[in-house]
Structure formats: C-alpha cells, structure tokens
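K.L.:
The numbers in numbering that gives the first Met the number 0 rise by one with no breaks, and the one at position 133 of the sequence shown is 132. Quick one: structure below, then a few questions.
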Amino acid sequence: MTRILAVTNQKGGVGKTTTSVNLAASLAAARRRVLLVDLDPQGNATMGSGVDKRTLPHTVYQVLLGSRSVTEVSVHSTSGKYDLVPANRELAGAEIEMVDLPQRETRLKEALREVEQNYDFILIDCPPALNLLTLNGLCAAYAVMIPMQCEYYALEGLSDLVNTIKKVRANLNPALEIEGLLRTMFDPRNILAQQVSDQLQQHFGDKVYRTVIPRNVRLAEAPSFGIPALCHDKLSKGTQAYLALAGEMLNRYFPSEVPFQRDLDRTLEA
Numbered sequence: 000m001t002r003i004l005a006v007t008n009q010k011g012g013v014g015k016t017t018t019s020v021n022l023a024a025s026l027a028a029a030r031r032r033v034l035l036v037d038l039d040p041q042g043n044a045t046m047g048s049g050v051d052k053r054t055l056p057h058t059v060y061q062v063l064l065g066s067r068s069v070t071e072v073s074v075h076s077t078s079g080k081y082d083l084v085p086a087n088r089e090l091a092g093a094e095i096e097m098v099d100l101p102q103r104e105t106r107l108k109e110a111l112r113e114v115e116q117n118y119d120f121i122l123i124d125c126p127p128a129l130n131l132l133t134l135n136g137l138c139a140a141y142a143v144m145i146p147m148q149c150e151y152y153a154l155e156g157l158s159d160l161v162n163t164i165k166k167v168r169a170n171l172n173p174a175l176e177i178e179g180l181l182r183t184m185f186d187p188r189n190i191l192a193q194q195v196s197d198q199l200q201q202h203f204g205d206k207v208y209r210t211v212i213p214r215n216v217r218l219a220e221a222p223s224f225g226i227p228a229l230c231h232d233k234l235s236k237g238t239q240a241y242l243a244l245a246g247e248m249l250n251r252y253f254p255s256e257v258p259f260q261r262d263l264d265r266t267l268e269a
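The structure is reproduced here in structure tokens:
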C-alpha cells in the first residue's frame, strides 16, 4: 500500500523542507518509487530538488484548481531520483481561489488518487501554517510526520498541531494518524534539547523516531546547489541521519522484504 505522509509543523524553520527533500532522496536510494509534493508557495522543496521554480509552466497550483492532473504537472528530479509536483509563488493565490470551490479541503486527495498506485511513498511538504493548503495535505495523507526542534516553543506549537490533527480526523479524514515526531537540528551538548527530547519520548513513546537529525553544515549547504544532501556529501552526518530515518521507516513498513541496508550499500558504492 502506498504510504502518503504529510510533513508538517506550523512553526517555521524546523526542517520540514530539508526533511521532505532528503527523505525522498533516501527512499529513492533504497529503490523505492517516491513522489514529493511541494505544497509551500515558497517553492523551497522544488528548488532543493534541482528544479527552477521560475521557469515552470505548470505547478501544484493548477492541480488544486483542477485544470491539470498530477501526471501533467510532475517532473523528475534527476539529482534526487524521485518525481516532484513543484510549486512557486502563484500557489499563494490558490487559497483565496479555492474558498468557493467544491470539496476545497480534499482537492489534493482526489488528484493524488490517479497516481497513488504508481508510488511506494508520497511525501507532502506542507507550508508553515495551519491554512487551507496544509489542510489539503492533511486530508490527502494517511499519516503525519512532525519535524521539530527540541526547544520550549516547539512543545507549545506541537500541542496546537496535535489538536488540529484530531479535528481533521474527526471531521475530514478518519484514517489520519501521527506517523512520528522527528527531532531535527539536534545538538546533544544542549541540556535543554536533551530535556525536551526526554519529555517527547515520555509522552509520545514509540511515536518518536529513534533517528535524530543533527545540526549539520552539509544539510544547510545542499539546497544552494539544488541537490539533496545525499548528492552533496553522502558521508556527512546529516546525510547518514536521513538514510537511517529511511531505513527505520522501511523496516517498520516492510519487515519481511530485502533489508534496506543492502539496497543502501549498493547506492553508496555507486
């Protein structure tokens, strides 16, 4: 079954796009079919995938308005080896135009139905806000991945997001669940970060991924080259962390299949 994950957190700067791009590339490196949907008007996931958002004839904007299909809009990221539904600034106007459209909360869900069977994973990079675009991502997804920094304000925002997820599950998408909480930009030398990490594990248990994404220069550099970190420096700590996250997910979903590490070793040797 295709796993559709919304990568979301209404707090900005927590690593949503970095996670979306690098997790997509890591899953693709493990020979999985991956589609990344950029649902943020900033188009950072698009640029980070090596696609120039300024020259796109069609984007997810047309998909949401129903004038184009996902197949017509999607492009292939040659660096990440996954497919991408790109976005640019015109998406900012979609929220206003969708207000009077029928099924405005589920338009992305309906569009993805046409291609869902073509992929093992569909990742949706949501904007840093609880708006109609994010709502479309939550309605289309089976589960939510929440990247977050281990700091006090992140805990406050997490409470609001969990309440939003509960409302979406009660009214629009009964299948929606929290896939996991991902600790990003983690510095083990920071005592507060350690304390917040411990609180997360105590409260959410196995919903917190074992994999922790560290602060890493290579992860920050890669977008400026328009490539995932895996293509920039495959041996960096940041790259290895996202490969480990992909492995953790695959071992959870497909425990009886060929071990993830075997596919990964082939990729790193190439």
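Beta carbons are placed, not taken as given, at the ideal position from N, Cα and C, and that holds for glycine.
(1) Can at least three beta-carbon pairs, one atom from the region 19–38 and one from the region 78–87, be found at a separation below 8 Å?
(2) Helix, strand or coil, according to DSSP, for Ala5 in the structure here?
(3) If distances are taken between C-alpha atoms only, which option among Thr163, Leu175, Thr77, Thr16 comes closest to Ala28?
(4) Compute every distance between the C-beta of Leu175 and the non-hydrogen atoms of the ligand GTP, then say whether any falls below 8 Å.
(5) Suppose contacts are defined by Cβ-Cβ distances below 9 Å. Is Lys236 in contact with Pro213 by that definition?
(6) Mind checking who His75 pairs with in its DSSP beta bridge?
(7) Per DSSP, Glu176 forms a beta bridge with which residues?
(8) Let me check understanding here. Comparing Cα to Cα, which of Ser19, Asn117, Leu129, Ala192 lies closest to Glu94?
(9) Excluding the 5 residues preceding and the 5 following Glu89 in the sequence, name in chain order all residues of the same chain whose CB lies nearer than 6 Å to its CB.
(10) What residue from Leu55, Leu132, Glu115, Met144 has the CA that sits closest to Val6's CA?
(11) Can you tell me which residues form a DSSP beta bridge with Ile121?
(12) On the DSSP letters alone, give me the boundaries of the beta strand (DSSP E) that Arg209 sits inside.
(13) For His202, is the classification buried or exposed, using 16 other Cβ atoms within 10 angstroms of its Cβ as the cut-off for buried?
(14) Pop quiz: Ala23 and Leu122 are said to be a contact at Cβ under 8 Å. What is the actual Cβ separation, rounded to whole angstroms?
(15) Rounded to the nearest angstrom, how far is the Cβ of Val13 from that of Met147, given a contact under 8 Å?
(16) What number of angstroms, rounded off, separates the C-alpha of Gln30 from the C-alpha of Arg251?
(17) Work out the CA separation of Val207 and Thr18 for me, nearest whole Å.
(18) Do Val211 and Ala240 have their CB atoms nearer than 9 Å?
(19) Taking 9 Å as the cut-off, decide whether the C-beta atoms of Leu4 and Tyr118 are in contact.
(20) Could you have a look at Phe203 and say whether DSSP puts it in helix, strand or coil?
(21) In chain order, what residues of the same chain have a beta carbon less than 8 Å from the beta carbon of Glu115, not counting five sequence neighbours either side?
(22) If you reduce the DSSP assignment to three classes, tell me which class Phe253 lands in.
(23) Buried or exposed for Ser66, going by 16 or more other Cβ atoms inside 10 Å?
(24) Which full runs of the beta strand (DSSP E) of 3+ residues lie inside the region 46–70, going along the chain?
P.N.:
According to the data block:
(1) yes
(2) Here residue 5 refers to the residue found at position 6 when the sequence shown is read from its first residue. Ala5: strand per DSSP, three-state reduction.
(3) Here residue 28 corresponds to residue number 29 of the sequence shown, with the count starting at 1. By alpha-carbon distance to Ala28, the top candidate from Thr163, Leu175, Thr77, Thr16 is Thr77.
(4) Although the ligand GTP was asked about, the structure shown includes no ligands whatsoever.
(5) Your numbering for residue 236 matches position 237 in the sequence shown. Your numbering for residue 213 matches position 214 in the sequence shown. Pairing Lys236 with Pro213 gives a Cβ-Cβ distance under 9 Å.
(6) As a working note, residue 75 is residue 76 in the sequence shown. Beta-bridge pairing links His75 to Asp82.
(7) Start at 1 with the first residue of the sequence shown, and residue 176 comes out as number 177. Paired residue(s): Ala142.
(8) Residue numbering aside, residue 94 sits at position 95 when the sequence shown is read from its first letter. The shortest CA-to-CA distance from Glu94 to any of Ser19, Asn117, Leu129, Ala192 is the one to Leu129.
(9) Sequence index remark: in the sequence shown, residue 89 carries index 90 (1-based). Cβ contact annotation for Glu89 (same chain, cutoff 6 Å, sequence separation greater than five): Tyr60, in chain order.
(10) Here residue 6 refers to the residue found at position 7 of the sequence shown. Val6 has its Cα closest to that of Met144, out of Leu55, Leu132, Glu115, Met144.
(11) In the sequence shown, residue 121 corresponds to position 122, counting from 1. DSSP, once it has assigned bridges, lists Ile3, Leu34 as partnering Ile121.
(12) Numbered from its first residue, the sequence shown carries residue 209 at position 210. Where Arg209 is concerned, the enclosing beta strand (DSSP E) stretches over 207–213.
(13) The residue you call residue 202 lines up with position 203 of the sequence shown. Counting Cβ neighbours within 10 Å, His202 comes out exposed, since fewer than 16 surround it.
(14) On the sequence shown, position 24 is the one that residue 23 refers to. On the sequence shown, position 123 is the one that residue 122 refers to. Ala23 to Leu122, Cβ: 5 Å. Contact.
(15) Position 14 of the sequence shown holds residue 13. Position 148 of the sequence shown holds residue 147. Between Met147 and Val13 the Cβ distance is about 5 Å, and since that is below 8 Å, they are a contact.
(16) Start at 1 with the first residue of the sequence shown, and residue 30 comes out as number 31. Start at 1 with the first residue of the sequence shown, and residue 251 comes out as number 252. With the sequence shown as reference, residue 30 is identified as Arg, and Gln is not the correct amino acid for it. In a straight line, the C-alpha of Arg30 is about 16 Å away from that of Arg251.
(17) Working through the sequence shown from its first residue, we reach residue 18 at position 19. Working through the sequence shown from its first residue, we reach residue 207 at position 208. The straight-line gap from Cα to Cα measures roughly 15 Å.
(18) Here the question's residue 211 lines up with position 212 in the sequence shown. Here the question's residue 240 lines up with position 241 in the sequence shown. In this structure, Ala240 lies closer than 9 Å to Val211 by Cβ.
(19) Position 5 of the sequence shown, counted from the first residue, corresponds to residue 4. Position 119 of the sequence shown, counted from the first residue, corresponds to residue 118. Between Leu4 and Tyr118, the C-beta spacing is not below 9 Å.
(20) One-based indexing of the sequence shown puts residue 203 at position 204. The answer is helix: DSSP assigns Phe203 an H, G or I state.
(21) Your numbering for residue 115 matches position 116 in the sequence shown. Correct list, in chain order: Thr1, Ile3, Ile121.
(22) The count along the sequence shown starts at 1 and reaches residue 253 at position 254. Residue state, collapsed to three classes: coil.
(23) Here residue 66 refers to the residue found at position 67 of the sequence shown. Flag for Ser66 reads exposed.
(24) none
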